[in-house]
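There are 2 protein chains.
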Amino acid sequence: PAKLKARRQRWNVKPSEMAKNTLNPIRAIVDGMKLTPNPDKPMIALSIGDPTVFGNMPTDDKVLQAMKDAIDSQKYNGYAPSVGYYKSREAVANFYSEPGAPLEANDVILTSGCSQAIELAINVLCNPGDNILVPCPGFSLYKTLAVSMGIKVKLYNLLPEKSWEVDLQHLESLIDDRTACMILTNPSNPCGSVYSKEHLQSLLSIASRYCIPILADEIYGDMVFPGCTFHSLAPLSSDVPILSCGGLAKRWLVPGWRMGWILIHDRNDVFGSEIREGLVKLSQRILGACTVVQGALESILNDTPQEFYQSTINFIKTNAEICFSELSTVPGLNPVMPSGAMYLMVGIEMEHFPEFQNDVEFTERLVTEQSVFCLPATAFEYPNFFRVVVTVPEKMMVEACERIREFCARHYRPRSQDSNELDQ
Amino acid sequence: PAKLKARRQRWNVKPSEMAKNTLNPIRAIVDGMKLTPNPDKPMIALSIGDPTVFGNMPTDDKVLQAMKDAIDSQKYNGYAPSVGYYKSREAVANFYSEPGAPLEANDVILTSGCSQAIELAINVLCNPGDNILVPCPGFSLYKTLAVSMGIKVKLYNLLPEKSWEVDLQHLESLIDDRTACMILTNPSNPCGSVYSKEHLQSLLSIASRYCIPILADEIYGDMVFPGCTFHSLAPLSSDVPILSCGGLAKRWLVPGWRMGWILIHDRNDVFGSEIREGLVKLSQRILGACTVVQGALESILNDTPQEFYQSTINFIKTNAEICFSELSTVPGLNPVMPSGAMYLMVGIEMEHFPEFQNDVEFTERLVTEQSVFCLPATAFEYPNFFRVVVTVPEKMMVEACERIREFCARHYRPRSQDSNELDQ
Ligand SMILES: Cc1ncc(COP(=O)(O)O)c(C=O)c1O
Ligand SMILES: Cc1ncc(COP(=O)(O)O)c(C=O)c1O
């Protein structure tokens, strides 16, 4: 009352630092591009990591039926516990249990998509000022989330010439006493790479040596091409604590349904009850996944026929092979054959395309001339590459590759001296 | 390499400060209570703010049908924009538009439950060190979220003797130059109060005078008893910027479906594009609501029959009247008649119950002896009250009131001298 108060005299409402610091590089780059397709050619978007957009990859009927049953039961209208129904958690635990890495319902936290799983995992492990190790190229959400929380990001290199294996020395050189967690994406977005058991063991041994917990982003788990094997990380180590993040989005082709999970692997009891309680507490902030999807989850996991998974992955593999073999013969491009997920990275020999400064300009002009949009890998902090999503209908894939070939033929300059000539 | 690095020698993984600071007072209090029901009496829980738990309040068939149609259409499996499908946002805008406060699709942000709406609204408006004004008694999530983000909470008093109107002087005295937002809950959880137009105008005039934006939690909007009117806040002011938070949870009786929204009211252009962009950015962190529910939203809003809303509110009103009139005649209790929502607060004249230190002990013993559980209002920072949820089946309501009467009769001490006697 007597105290003189600083009183605002006019409106001055600004977004918080966190809002300002929530930066989505894909949006930043794509919004900055001039994307005007060639009016004579229908647009082919190879940029969107959503396998459902072209309608050629519907989910399985069993999945839809499970949802309708859940609705009809009327048992799933109320609040679930913030970490999910016990029965649904149990279904996930049973589905992902392996002899070397058993899971119980209490080891599972259901979340609103794998994105929230990642958010909770980073949030529970890291304080502002800590740093996390993130793959480069890698899924951009890790950095978006971390930076917004004041957590530093250290990018470790993947090696295209070694099928995108981790540069182990580089990874190790980045570790310091504020390193709170290491993120591994396997299979990878954007690379489509799948790591061997040996490589995963090398990564685990670094984590073990430096005592760094791992966030294993396994949303593309089991989405590997025939002939290749997916090894989930947890069974390969009994001492490194692992939060494995996954969800229905990719394998079951329902990304919009926002059903994700964290599997807590902690056989060495490093996380103990504290990290588990931390995850529970954080889950109470906004509660988790839609109860209808939770109610359907047991049936979705147990009743989806094997043929569904197989036909999905066979389709992706065929497309990836088409794309790889087509682009392999295009002078100036270096596609890297994936082994899983739904992506393929293509290196651009920029010195042969002197008209373009970088991958952003290259892909921008590809839209202008050929109406084909590929995401420039600068969006994954990896310049001079672009990412192709290989879930589009096969005819589109073929057509897109043709147009990319035409585009490259037009702009390719055979000898690197060309750029010198230009300079003169 | 040559540089000597601080290398962790042993595992030491601790939950982050944010995880530790995410405190849910309801859990903290309930988990600390010894809740052992009387084995001779079946438990009646009047504590759970979930209208679906007793099965007596199903949602409308149209709502279920809308969901099944959305699933069958197969149009809602993919990613929606992070703020929701345009058509779904438009449906919400049309549903909530009023002549004094028109809304367009772009003014609507769809979220994973009203909880995420509140989280985004606080997050976009406040920086660590700022403070927000929060009703007392009030919904505990506001404080849980704010404290976890390093935002201070200043509790302003509601006055039970004035049907839980805000103590305006107290509210005003709390404002300082770091006050980033004022939260109003109308209708109220836990009070069930509904504010008059005049009272809302008084609140708006304070916000306007001090230039403080308002987060209007209107999740119980339109859930008012016949004879009473709900005034949404936005049409009553053209200068105060308002983020109105709502969702399907309560009025449509599907809290588990996690469908919420923010309505941006900013006719004075205070928020401008910056706050809107901030909300969009924050929404990209984990994406929003389940696409199936989004796909069903237009039909849910437009096709749910009026009779459904009416019968819900009539049922709640009847129960509230039973509870109020029963408990009004119990010596030592002072129920406050609500006008909406689904709650009723009951004051305890603690001096007449000298056996119990506080509302927590009182309600704990009520479980032990009578198997009736009411939430002690200490959970809402309002000691010496308890909250009754009035959505239980009518017979339970009656039975619960009988048992509360018996309990009070047993423990009531008529004259306050009694406590002196005990002291001697
Ligand atoms: C590697 C990776 N992790 C997580 C996600 C997010 O999954 P969700 O849609 O379930 O949030 C994606 C989505 O593209 C992804 O590529
Ligand atoms: C006042 C108030 N606001 C918000 C919420 C959260 O709603 P939702 O379940 O949609 O997150 C509740 C839930 O009880 C509430 O009482």
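As you go down the protein sequences, you meet chains A and B in turn. My numbering numbers the first residue of the first sequence as 4 and each following residue consecutively. My numbering numbers the first residue of the second sequence as 4 and each following residue consecutively. The C-beta atom is built at its ideal place from N, Cα and C for all residues, glycine as well. This one's a predicted model, so the numbers in the text were calculated from it and none came from an experiment.
**Message:** I need the straight-line Cα distance from B/S422 to B/Q360, nearest angstrom please.
**Reply:** Bear in mind that a pLDDT of 49 at B/S422, under 50, signals an unreliable position, so the number given afterwards is only what the model happens to contain. Just so you know, the alpha carbons of B/S422 and B/Q360 end up roughly 12 Å apart.
**Item:** Nearest residue (CA-CA) to A/M400, options A/A412, A/L290 and A/K320
**Value:** When only C-alpha atoms are compared, the closest one is A/K320.
**Asked** Smallest Cα separation from B/A428: which of B/L158, B/I217, B/G291 and B/K65?
**Response** The structure shown does not extend to residue 428 of chain B, since chain B is modelled only from 4 through 427, so no value can be given for it.
**Request:** Assign B/P193 to one of two classes, buried (16 or more other C-beta atoms within 10 Å of its C-beta) or exposed (fewer than that).
**Result:** By the neighbour-count rule (16 or more Cβ atoms within 10 Å), B/P193 is buried.
**Asked** When we look at the beta-carbon of A/A5 and count the other beta-carbons within 10 Å, is it buried (16 or more) or exposed?
**Response** Since pLDDT at A/A5 reaches only 43, below the 50 mark, its modelled position is unreliable, and no value is offered.
**Message:** If we define contact as Cβ-Cβ less than 8 Å, is A/F274 a contact residue for chain B?
**Reply:** By this cut-off, A/F274 is an interface position.
**Request:** List the DSSP bridge partners of B/R288.
**Result:** Per DSSP, none; premise fails for B/R288.
**Beta-carbon proximity list for A/T366, same chain, < 6 Å, skipping 5 on both sides** = Within its own chain, the residues whose Cβ lies closer than 6 Å to the Cβ of A/T366, once the five positions on either side in sequence are excluded, are C377, P379 and F389, listed in chain order.
**Message:** Here's the rule I'm using: 16 or more other beta-carbon atoms within 10 Å means buried, otherwise exposed. How should B/I407 be labelled?
**Reply:** When all chains shown are included, B/I407 counts as buried.
**Request:** For A/D272, count neighbouring C-beta atoms within 10 Å of its own C-beta (all shown protein chains included) and say buried if the count is 16 or more, exposed if not.
**Result:** Its Cβ having fewer than 16 others within 10 Å, A/D272 is exposed.
**Cβ-based neighbour list, A/T371, same chain, cut-off 7 Å, excluding 5 preceding and 5 following** = If you ignore the 5 residues before and after A/T371, its C-beta comes within less than 7 Å of the C-beta of T39 and N41, all in its own chain and listed in chain order.
**Message:** With a threshold of 8 Å on Cβ separation, who are the neighbours of A/V16 within its own chain once the five nearest residues in sequence on each side are excluded?
**Reply:** Nothing meets the Cβ criterion.
**Request:** For B/A252, verify whether its CB is less than 7 Å away from any heavy atom of ligand 2.
**Result:** Within the cutoff, so yes.
**Asked** Under a three-way DSSP split, which group does A/W167 fall into?
**Response** Coil, per DSSP.
**Request:** Please indicate yes or no: does the CB of A/P84 lie closer than 7 Å to some heavy atom of ligand 2?
**Result:** With a cutoff of 7 Å, A/P84 does not count as near ligand 2, since its C-beta is closer than that to no heavy atom of the ligand.
**Asked** Quick one: what's A/P138 bridged to in DSSP?
**Response** BP columns for A/P138 point to A/Y159.
**Request:** Whole angstroms is fine: what's the gap from B/S100's alpha carbon to B/V137's?
**Result:** Looking at the two C-alpha atoms, the distance is approximately 26 Å.
**Request:** Can you pull the chain B residues whose beta carbon is under 8 Å from the beta carbon of A/S118, in chain order?
**Result:** Contacts between A/S118 and chain B, judged by CB atoms closer than 8 Å, involve R288, I289 and L290 in chain order.
**Asked** Within the 8 Å Cβ cut-off, does B/I278 reach chain A?
**Response** Closer than 8 Å to some Cβ of chain A, the Cβ of B/I278 qualifies, so yes.
**Request:** Taking all protein chains shown into account, decide if B/E397 is buried (16 or more other Cβ within 10 angstroms of its Cβ) or exposed.
**Result:** Per the 10 Å Cβ criterion, exposed.
**Prompt:** Would B/A5 count as contacting chain A if we go by Cβ distances under 8 Å?
**Reply:** Summary for B/A5: the model assigns pLDDT 44, below 50, so the residue's position carries little reliability, and this model does not support an answer.
**Request:** Taking only the alpha-carbon atoms, compute the straight-line gap between B/K44 and B/S374 and give it to the nearest angstrom.
**Result:** Their backbone Cα atoms lie some 6 Å apart in a straight line.
**Request:** Taking a Cβ distance cut-off of 9 Å, strictly less, list which residues of the region 291-313 of chain B are near chain A, in chain order.
**Result:** Residues G291, A292, C293, T294, V295, V296, Q297 and G298.
**Request:** Spell out whether any CB of chain B is found under 8 Å from the CB atom of A/G230.
**Result:** So no, A/G230 is outside the interface.
**Message:** Taking only three categories from DSSP, how would you classify B/Y312?
**Reply:** Helix.
**Asked** In the DSSP assignment, what residue or residues form a beta bridge with B/M185?
**Response** Answer is B/L136 and B/I217.
**Extent of the continuous alpha helix (DSSP H) run through B/V150** = That run of the alpha helix (DSSP H) goes L144 to S151.
**Asked** Would a check of beta-carbon distances place A/P18 closer than 8 Å to chain B?
**Response** Interface residue, yes.
**Asked** What is the DSSP secondary structure of B/P4, counted as helix, strand or coil?
**Response** Any reading at B/P4 must be qualified, since the residue scores a pLDDT of 45, below 50, and its modelled position is unreliable; the value itself is stated next. B/P4 carries a coil assignment under DSSP once its states are collapsed to helix, strand and coil.
**Item:** Start and end residues, beta strand (DSSP E) containing B/H453
**Value:** Here chain B comprises residues numbered 4 to 427, so residue 453 of chain B is not present and cannot be evaluated.
**Prompt:** In or out: B/P190 buried (at least 16 other Cβ within 10 Å) or exposed?
**Reply:** Classification for B/P190: buried.
**Asked** Leaving out five residues before and five after A/A94 in sequence, what residues of the same chain have Cβ atoms less than 8 Å from its Cβ?
**Response** Counting only Cβ-Cβ distances below 8 Å, and skipping sequence neighbours, we find L300, E301, L304 and N305.
**Request:** Given a cut-off of 8 Å, decide if A/V392 and A/V349 are closer than it, judged by their beta-carbon atoms.
**Result:** In this structure, A/V392 does not lie closer than 8 Å to A/V349 by Cβ.
**Item:** Residues of the region 70-85 of chain B whose Cβ lies closer than 8 Å to any Cβ of chain A, in chain order
**Value:** Contacts with chain A (Cβ-Cβ distance below 8 Å) from the region 70-85 of chain B involve M70, K71, I74, D75, Q77, Y79, N80, G81, Y82 and A83, listed in chain order.
**Request:** Give every residue of the same chain whose Cβ lies closer than 8 Å to the Cβ of B/P417, excluding the five residues on either side of it in the sequence, and list them in chain order.
**Result:** Contacts found: P334 and H355.
**Prompt:** Which residue comes first and which comes last in the beta strand (DSSP E) that contains B/F388?
**Reply:** Counting along the chain, the beta strand (DSSP E) containing B/F388 begins and ends at F388 to V392.
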